[in-house]
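Residue numbers (the working numbering): 249 to 362.
Quick reminder that beta carbons are idealized off the backbone N, C-alpha and C, glycines included.
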């Protein structure tokens, strides 16, 4: 997964050094991971130049897809963490039908909008 995060950073900054600085890792690590990914995929994701990089057409498509996947994974990890900490779940509250305009009924209505 870190290889994909590194690839997204390079795509955002269009520069290996800037991406590495943003991630807090060595430039050689970012370069090696991206190069290994390109070799595994059998495609060039970036055209390398002296002043930085440019996404290839295949790279642009790849980055668009993995960005969505990384967002979904991030959401899944956060949701699982919240569930483990007891910060999410189902809340069931019952009120007597004869008191529909009570404070609790109003509070439940507000809760549903959140």
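Handout entry: Delimiting residues of the beta strand (DSSP E) encompassing residue 295
Key = 294-297
Practice task
Pull up the DSSP beta-bridge partners for residue 301, would you.
Solution key: 296
Exercise for the section: Provide the residue span of the alpha helix (DSSP H) that contains residue 249, from first to last. Expected result: Unbroken run through residue 249: none, as it is neither H nor E.
Exercise for the section: Quick one: residues in its chain with C-beta nearer than 6 Å to the C-beta of residue 366, no 5 flanking neighbours on either side, listed in chain order? Expected result: Residue 366 lies beyond the residue range present for the chain, which begins at 249 and ends at 362; the question has no answer from this structure.
Handout entry: Distance CB(residue 285)-CB(residue 327) smaller than 7 Å
Key = Contact check for residue 285 against residue 327 fails: the beta carbons are separated by 7 Å or more.
Problem - Where residue 314 falls: helix, strand or coil (DSSP) - result: helix
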